[in-house]
Every structure is written in structure tokens, then in C-alpha cells.
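For the sequence shown, the residue numbers in my numbering are 595 to 947.
Accompanying notes for the structure given below.
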Amino acid sequence: MADAERVTARQRSILTAIIESYIETGEPVGSGTIARLQGAEGVGFSSATVRNEMAELAEAGLLEQPHTSAGRVPTARAFRIYVEQLSGGAYPRIDAARLPVKSRQQIDSSFVGIAGTQAVLERTSHVLATLSSGVGVAIAAAAGGDTLEHVHFSRLAAARVLAVVVTRSGLVRDRVLMLDRDLALSELETAANFLNENFRGWDVERVRAEIARMVEREQSEYQRLLDSVQQLWAKAVPESDATEQAVYVDGVANLVGSQENQERLRELLAALEAKQRVVELLNAYIDAHQESVRVVFDLDEHVPEMAGLVLIAAPTVRGTVGVIGSKRIDYENTMNAVSYVARLFDRMLHPGG
């Protein structure tokens, strides 16, 4: 990018030190602080040298001076250069394998015993929120355009059934159904067999319409079976599943401290609670065909209430996972965590894939 190309190696070193100090403390950074930090690391720039370079970085729009403070804070453009430096260069620091072993073990243990789409989504968002101290987001792909692989029904209690629907892409969706009448285990098995034998390989969206046509045509001993199949399928795969993406958001309280203005805080919390807006945000910025973690700073262009926040997300075969947080987020750790969790997310939703 043009900004990165214009920054010298010395300026890049100083800018990195400023950003990492600002991330850690949240305070404007002075030249004396950077000179001391770099001196401790053996770099050895004088305060005067650092001050001159900081002046050039400010002129280039990479640093700004808040109020009357003597220190400087990095701009969004500076953070972009920092993130590019983490991801590229001779020694890239963004790789799921670089996530600390302790963090990987924490993530792995969090998913032990977890099964089913809703449980995986919920746990994924919670794990990302915990690791990043931001808002964890997990979205499953919509069922539209996918084809049916297998259906299974389990009786939980009277008129209460667990439906598990597996699609050809490997997505596993589970849902507890409340039925109009109780169905015996044998009836559930018969209904599942009927769906598997007649609709395996069918587009999920077409199954409902075909069952409705069969119900209208059939006036025989199969009517009771078809009525049961129709009710079970309608509740197991509601029409909204074809177009709506299941989304879980966790850790909203983590952003309370990022907003000093109470009105802006209320607006931000409302935006995060409106989960469809979160889905639209990720769909707007995250390309399903990209292979790496993406960092987005201009969230306010799509959701004005998210000005000053950053999105770190990655697409997966089964959906999207990511974090919305303060610009002072730990970029290296969060990007590596998102990358690691994205791979685990796919494996959890498609154990055999």
C-alpha cells in the first residue's frame, strides 16, 4: 500500500513501538517513552531522532495529537500499516500455529463435548470474546442452495423432539421441536426414513414444497405419515433457514469501557443486539473466498454506531467467525486466535470433513 511504501525502516520501527505502547496503556505516547523502550531493546534512537521522525509521521497522517497532550496517538492509517506488517514481511507473525500453546489448549478444551450447530456457534462466540476481550461473533451459512444428506429425529419427551439435519456441504443443524401432538419413536423413525429415502440429494428449499404437494395428492393410509413428515420438516427446517444466517454474539459488555459518551454507548449496544446488522456487516466486508484473516477499520461506513471499532474476522466453509473490538485490541493474538478458531469451527460443524 502507498502509506507503507513511503515509511522508512526507522519510521516503521518507531511507529510499531508507538502503536504497541498505545495498545498497552491507552495513553498518548511521547518521544522520550519510545527512546527508552527502543533503547531497552538495543535499537538506540535518541529522543531527538524519535521526535523528528514522529513529526514526519504526523505530517504523513499516521499520528495525531489529542487535545493539548505532548504525546501522539496512531491513526487508523497507522494501524493498517501495523497490521500489514504483522501479516507480511520477511517474518510474518500471523499464523494459527503461532498462537501460544496455552491458548490453543484453552480453545480445544472449550469445545470438548460440544455438538450441533447452535451449541458450536454459541461456544465459538464465547471463546473469541474471552480470548480477545472484545465481542465474539459466529455465523453459520444459510441453508439455501444446500442439499439434504441425512435427517434424524430423537424423542425427548411427549411432543418434544430433537431434529438433526445434515446437508451435503457437511453443515449439521440441530433443533428441539415442540409438536402439535406426541409421536411415538417408531413414527419418528418412519418419518426420518421417508425423508432420507425420498429427499436425499434434494435442494433443502424444494423439500417443503414437494411434501406439501404429496399431502394434497395422497388420500390413503399414508396420509398420517405425510402429515407427521410435513410437521416435522416444517419445524426442523423453517423457511427462514434458507435465507437467514444463524448468528451468535457474545461479550458485548466488553465494549462498555470503549465509549465515554453514554448516548453513543447505548447506540452501539443496540446495534450489536440487532444481530441481523452484525450479519450484514460481516457479509459486507468478509469475502467467502478469501483464505486469511481480514482486519477492517472503517466499520462506521456500514454501521455508524461502530465508529472507532475494528473487525477481525475470517470466512469458513460453514460461515464466518470474528471479533469486534477497540482499536487497542491485541492484534497479533486476536488474529491468530480467529484463524485457529475458524479451522476448529469447520471441523466441529462437519466432523467427517
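Backbone N, C-alpha and C define an ideal beta-carbon position, used for all residues, glycine too.
- One Cα belongs to Y934, the other to N877, and the distance between them is close to 20 Å.
- Only residues of its own chain outside the window of five on either side were considered, and among them I733, Q839, V841 have a CB closer than 7 Å to the CB of V873, listed in chain order.
- The Cβ atoms of R674 and F891 sit closer than 8 Å to each other.
- About 13 Å separates the beta carbon of L725 from that of S703, a gap too long to meet the 8 Å contact definition.
- Fully contained in the segment 820-906 are the following beta strand (DSSP E) runs of length 3 or more, in chain order: 841-844, 888-890.
- Short of 8 Å from the beta carbon of A652, and not among the five residues preceding or following it, lie these beta carbons of its own chain, in chain order: E658, Q659, R666.
- Per the Cβ contact rule, the segment 790-798 is not in contact with the segment 862-870 (fewer than 3 Cβ pairs under 8 Å).
- As DSSP reads the structure, L773 sits in no beta bridge.
- Q679 is classed as buried because its beta carbon has at least 16 other beta carbons within 10 Å across all chains shown.
- For A670, the uninterrupted alpha helix (DSSP H) segment begins and ends at 670-681.
- With fewer than 16 other CB atoms across the displayed protein chains lying within 10 angstroms of its CB, L750 is exposed.
- By the C-beta density criterion, I708 is exposed, having fewer than 16 other C-beta atoms within 10 angstroms.
- Here DSSP, grouped into helix, strand and coil, assigns D689 to coil.
- Residue range 742-751 is occupied by the beta strand (DSSP E) that includes H744.
- S727 is not bridged by DSSP to any residue.
- Closest by C-alpha distance to E867, out of V904, G845, R888, Y879, is G845.
- The bridge partners DSSP lists for T914 are I733, P909.
- Residue pairing from DSSP places D797 in a beta bridge opposite T741.
- Counting only residues of its own chain and dropping the five nearest sequence neighbours on each side, D894 has a CB closer than 6 Å to the CB of M900, A901.
- Ranked by Cα distance from G626, the options L782, L943, L777, T643 are led by T643.
- Annotated as distal: A830 and L777, with beta-carbon spacing of 8 Å or more.
- Between the C-alpha atoms of G728 and T711 there is a straight-line separation of about 22 Å.
- The continuous stretches of beta strand (DSSP E) do not include V932, which lies in the alpha helix (DSSP H) extending over residues 925-943.
- Shown here for Y879: same chain residues with a beta carbon closer than 6 Å to its own, the five before and five after excluded, namely V890 in chain order.
- Here the alpha carbons of S607 and S681 stand approximately 16 Å from one another.
- Comparing C-alpha distances from T669 to each of H944, L943, R922 shows the shortest one belongs to R922.
- In the same chain as G624, and ignoring 5 residues on each side of it, the C-beta atoms closer than 6 Å to its own belong to A664, G665, in chain order.
- By the neighbour-count criterion, in which a residue is buried when 16 or more other Cβ atoms sit within 10 angstroms of its Cβ, P909 is buried.
- Apart from the 5 residues on each side of it in sequence, T928 sits with its Cβ closer than 6 Å to the Cβ of S726, I906, V917 in its chain, given in chain order.
- Taking a 10 Å sphere around the C-beta of T914, we find 16 or more other C-beta atoms and assign the residue as buried.
- Pairing L609 with A672 gives a Cβ-Cβ distance under 8 Å.
- Membership of T619 in the alpha helix (DSSP H) is indicated by the continuous run 603-619.
- A distance of 8 Å or more separates the beta carbons of T741 and T718.
- Residue range 754-761 is occupied by the beta strand (DSSP E) that includes A757.
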